[in-house]
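Q: Note that the working numbering has the sequence shown beginning at 1, numbered continuously upward. Where is the CB? At the ideal position from N, CA and C, for every residue including glycine.
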Amino acid sequence: MTGTDPFPSRHLPARLTAPWLMLLLPALYSLVDATLVARDATWWQVVFSVLAAVVLPWRRRFPVAVLLLTMPGSYFADIWLSPITAVYTVAAERPRPRVMVPCATLFALVEFFHWPLSEQSFALTRETALYAIQSVMLAAGPAATGLLSRTRRELAARLDELTRGQERESRLLAERVLISERGRLAREMHDVVSHQVSLISIQAGALQVSTADPAAAATARTIRELSVRTLDELRQMVGVLRAAGPRGDMPLAPQPRLADLPRLIEESGLAADTDLSPGDRPWPEAVERAAYRTVQEALTNITKHAPDATVHVRVRAKGRRLRVEIRNRIPPVRPAETLPGGGHGLVGLRERAQLLGGTLAAGPTPDGGFEVRAELPATHE
1 MTGTDPFPSR HLPARLTAPW LMLLLPALYS LVDATLVARD ATWWQVVFSV LAAVVLPWRR
61 RFPVAVLLLT MPGSYFADIW LSPITAVYTV AAERPRPRVM VPCATLFALV EFFHWPLSEQ
121 SFALTRETAL YAIQSVMLAA GPAATGLLSR TRRELAARLD ELTRGQERES RLLAERVLIS
181 ERGRLAREMH DVVSHQVSLI SIQAGALQVS TADPAAAATA RTIRELSVRT LDELRQMVGV
241 LRAAGPRGDM PLAPQPRLAD LPRLIEESGL AADTDLSPGD RPWPEAVERA AYRTVQEALT
301 NITKHAPDAT VHVRVRAKGR RLRVEIRNRI PPVRPAETLP GGGHGLVGLR ERAQLLGGTL
361 AAGPTPDGGF EVRAELPATH E
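1. Within 10 angstroms of its Cβ, does Val347 collect 16 or more other Cβ (buried), or is it exposed?
2. Whole angstroms is fine: what's the gap from Ser82's alpha carbon to Gln45's?
3. Would you call Gly363 buried or exposed, if buried means 16 or more other Cβ atoms sit within 10 Å of its Cβ?
4. Jot down the residue ranges of each uninterrupted alpha helix (DSSP H) in the region 13-54, minimum 4 residues, whole runs only, in chain order.
5. Distance check for Glu161 and Pro142, CA to CA, integer angstroms please.
6. Compute the Euclidean distance between the alpha carbons of Glu181 and Val228, then round it to the nearest angstrom.
7. Does the Cβ-Cβ distance between Thr274 and Pro262 come in under 9 Å?
8. Over what stretch of residues does the beta strand (DSSP E) that includes Ser118 continue unbroken?
9. Note down, in chain order, each residue of its chain lying with its Cβ closer than 7 Å to the Cβ of Glu267, except the 5 sequence neighbours on either side.
10. Specify the secondary structure class of Thr365 as computed by DSSP and reduced to three states.
11. When burial is assigned at 16 or more other CB atoms within 10 Å of the CB, is Leu322 buried or exposed?
12. Return the bridge partner residues of Asp273 from the DSSP annotation.
13. Look up Arg327 in the DSSP assignment and say whether it is helix, strand or coil.
14. When we look at the beta-carbon of Val32 and count the other beta-carbons within 10 Å, is it buried (16 or more) or exposed?
15. According to the neighbour-count rule (16 or more other Cβ atoms, all chains shown, within 10 Å of its Cβ), is Trp283 buried or exposed?
16. Once you ignore the five residues that flank Ala108 on each side, which residues in its own chain have a CB closer than 6 Å to its CB?
17. Closest to Arg153 by CA distance: which of Pro95, Asp260, Ile179 is it?
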């Protein structure tokens with residue numbers, strides 16, 4: 001049973017159980033009941049019967065008033081369907097005993113002492129007792145059904161609430177598992193990567209001290225500085241991974257900005273032609289960091305796949321957007337072996353640009369090289 005209407009909705013398809021239909025259907029079959037009773041009734045009895053039917057569409061908003069308006073038709077014309085529907089609605093919408101019990105009792109009394117009164121109604125006979133039981137059951141049946149419908153709706157709402165609570169608990173549990181796994185991965189990454197990078201730094205320091213070649217010493221110093229910086233960034237990333245969120249007690253290293261691009265390009269060791277003119281506009285920190293990471297990833301890819309190629313780096317302001325372009329020509333000699341890569345760098349850069357409201361495109365150029373081009377807005381558009 002659905003809604004606050006009695007039995008018809010149980011047998012109707014779901015597409016027919018529209019709210020307006022459930023409001024009108026009891027009124028329609030009550031009019032049929034009134035029509036059948038009107039065959040041997042006077043005009044004023046017909047009026048009471050029709051009144052009891054036409055007020056049913058308002059039974060949800062005014063259940064007690066509608067019940068009272070159906071009582072004259074039940075008393076004078078002996079109709080059943082309208083008052084039964086009204087009693088059901090009172091029990092479903094006003095389930096408090098102080099409201100429901102008097103309404104159901106009123107219908108039982110009206111049904112038992114219906115017009116015209118006769119002495120048989122007051123006689124202590126078996127027929128009178130059976131009719132009294134019938135009247136009580138006629139009122140108690142729809143009242144109990146209304147209470148059942150009300151309880152069913154409340155249980156459905158409670159079940160829905162419990163389901164949402166279980167879903168929230170499942171999400172929290174998944175988040176706790178994710179945090180735990182993230183901490184484990186952070187520890188493993190720190191143990192493995194920091195060990196390898198530390199060995200690189202130590203070897204570079206030893207080479208810097210032992211070599212007599214100035215160029216080799218400069219290269220070793222650069223490798224050592226890069227290793228130390230990598231360890232610092234690794235420590236910051238591990239701290240973020242191990243924490244559930246940003247922590248105020250963990251000092252963060254300064255994030256790279258546009259002013260750090262010349263040093264990045266110089267330390268890459270590539271033959272780069274640069275044009276860094278971002279203008280005088282104060283770009284947001286997130287935009288500057290995204291531009292830096294774009295150049296960094298592009299230079300890393302060039303170092304892996306075309307270390308001898310000529311590189312062009314352009315960072316220029318174009319209105320309210322910052323355009324970043326990194327392009328390399330086809331290398332004169334392709335490396336026999338390239339460093340491994342996960343293939344996620346450009347995907348991450350594209351997602352970062354989209355989060356800022358910008359775009360990023362990457363692909364080969366007509367001359368056989370490769371180009372990465374990003375446009376980042378000054379504000380999120």
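A: In this structure, then:
1. Val347 is classed as exposed because its beta carbon has fewer than 16 other beta carbons within 10 Å across all chains shown.
2. The C-alpha of Gln45 is placed about 14 Å away from the C-alpha of Ser82.
3. Exposure of Gly363 is indicated by the presence of fewer than 16 other C-beta atoms within 10 angstroms of its C-beta.
4. Entirely contained in the region 13-54, the alpha helix (DSSP H) runs reaching 4 residues are, in chain order, 19-37, 43-54.
5. Answer to the nearest angstrom: the Cα atoms are 28 Å apart.
6. Between Glu181 and Val228, the C-alpha separation is close to 27 Å.
7. Yes.
8. Counting along the chain, Ser118 falls outside any beta strand (DSSP E), and DSSP gives it neither H nor E.
9. So the qualifying residues of the chain are Thr222, Leu226.
10. DSSP, reduced to helix, strand and coil, places Thr365 outside both helices and strands of the structure shown, so it counts as coil.
11. The residue in question, Leu322, is buried, as its Cβ has 16 or more Cβ neighbours within 10 Å.
12. Its beta-bridge partners are His312.
13. Taken through DSSP and simplified to helix, strand or coil, Arg327 comes out as strand.
14. Exposed, because fewer than 16 other Cβ atoms sit within 10 Å of the Cβ of Val32.
15. By the neighbour-count rule (16 or more Cβ atoms within 10 Å), Trp283 is buried.
16. These residues qualify, in order along the chain: Ser135, Val136, Ala139.
17. That would be Pro95, whose Cα lies nearest to the Cα of Arg153.
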